[in-house]
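In what follows, a single structure is set out as structure tokens and then discussed.
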Amino acid sequence: MSEQIKNNSLQATFKSQDTEEWLDIHFTRPLGLLWARFFNHFDIHPNVVTILSIILGAAAGVMFYYPDLTHTLMGIFLLVWANLYDSADGQLARMTGKKTRWGRILDGFAGDVWFFTIYAAICLRLQEQPIPGTDEPWGVWIWLMAAVSGLICHGKQCQLADYYRNIHLYFIKGKSGSELDRFDVLRKEFHSLSWSKDGVWKLFLYFYGNYTRSQEQMTPAFQRFRAALSERYAGSELSDALRADFRKGSLPLMKYANILTFNTRAIVLYLSLLAGHPWFYFAFELVVMNILFLYMRNRHEALCRRMQQQYC
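Numbered according to my numbering, the sequence shown terminates at residue 330, and the numbering increases by one at each position without gaps.
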């Protein structure tokens, strides 16, 4: 048995204590670790666990189409279960060393499937119901509301939160401890492959490259700082002082990155569904989450500008 598998304590399966959320540390990660150990006992690959999470999350969305309490509770249970598997796949990968780029891409795809199904179910459920305070049915308006909050707001919020956490991991753990990719490198690899021999991977690289490019376009100050670091520290390690200073400025922003990912939005979704007003979740995403998104982005960009002036 490898040393990685032996070292399967809860702490060893964290990406970093800096980037873990309270609810994850005390609920999701401990239960996820139990599942990871279970799957490891049967030699099940982390990517298989991710696929199981996709099925559970999509099933949760279907349950949310029905307005009664029983289906709502079943949907909440299934989505919590899907999230435990989403935690377990990463913990299993770190326990066994089976970390792959396929896994990272598939993991991001899982959340997209969950919420696409959830948004569609809510829209189908509400489109014939009246808009609160009126006699007019939601009709196409609930679909437009969901499209803006999901495709634009939710997507950008999660992309940026994921990027900032990987930037933080890069500065505290180095390249091997993060998943901080670059669009130009990914696109170069994409063009080096042939559709006939590597068609599926090439297709994944295309969409993942676009995902990474979107992250880079939202962070111009960090991209300039990153380029300056590459020139200043070409082939050498970043200084300890620089790492410590960046961590000091980035750490307070990790709580906002966590809010913008799963737990907070899931809790608001659950409460909205239990209250019988699932449209409120879209409104929360459009207003509250966007304010946090803009605040986090402005703080991080200011940090990168300061760091570039001081260290480059």
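By construction, the Cβ of each residue, glycine as well, lies at the ideal position given by its N, Cα and C atoms.
_Where the alpha helix (DSSP H) through F133 begins and ends_ = 119-144
*Give me the Cβ distance between T14 and E319, rounded to the nearest whole Å; I'm assuming they're in contact under 8 Å.*
Residue 14 falls outside the range modelled here, since the chain spans only 19 to 330, and no answer is possible.
*Is it true that the CB of Y182 sits closer than 8 Å to the CB of L260?*
no
*Cβ neighbour criterion (16 or more within 10 Å) applied to N228*: exposed
*asked:* My parser needs the alpha helix (DSSP H) runs of 4 or more residues fully inside the region 165-209; what are they?
replied: 173-191
*Out of curiosity, what's the CA-to-CA distance linking R265 and I309?*
23 Å
*asked:* Pull the bridge partners of P155 from the DSSP assignment, please.
replied: P148
*asked:* At the level of alpha carbons, what is the spacing between L49 and T90?
replied: 22 Å
*Rounded to whole angstroms, what's the CA-CA distance from A77 to A246? Just pull it up for me.*
47 Å
*Report buried or exposed for W53, applying the criterion of at least 16 other Cβ atoms within 10 angstroms of its Cβ.*
buried
*Same chain, Cβ closer than 6 Å to L70, neighbours up to 5 away in sequence not counted*: Y103
*Taking just the CA atoms, how far does T88 sit from S232?*
39 Å
*Classify C330 as helix, strand or coil using the three-state DSSP reduction.*
coil
*Exposed or buried, what is I140 when buried is set at 16 or more other beta-carbons lying within 10 Å of its beta-carbon?*
buried
*If we ignore side chains and look at the alpha-carbon of each, how far apart do R55 and G108 end up?*
12 Å
_Using C-beta distances below 7 Å, list every residue in its chain close to I277, excluding the 5 sequence neighbours before and after it, in chain order._
L310
*For the putative contact between I123 and Q145, defined by C-beta atoms under 8 Å, what is the C-beta separation to the nearest angstrom?*
Contact doesn't hold; Cβ gap of about 33 Å is too wide.
_If you measure between the beta carbons of T68 and M272, is that distance less than 8 Å?_
no
*Selection from R250, W219, S214, D199 that minimises the alpha carbon distance to F208*: W219
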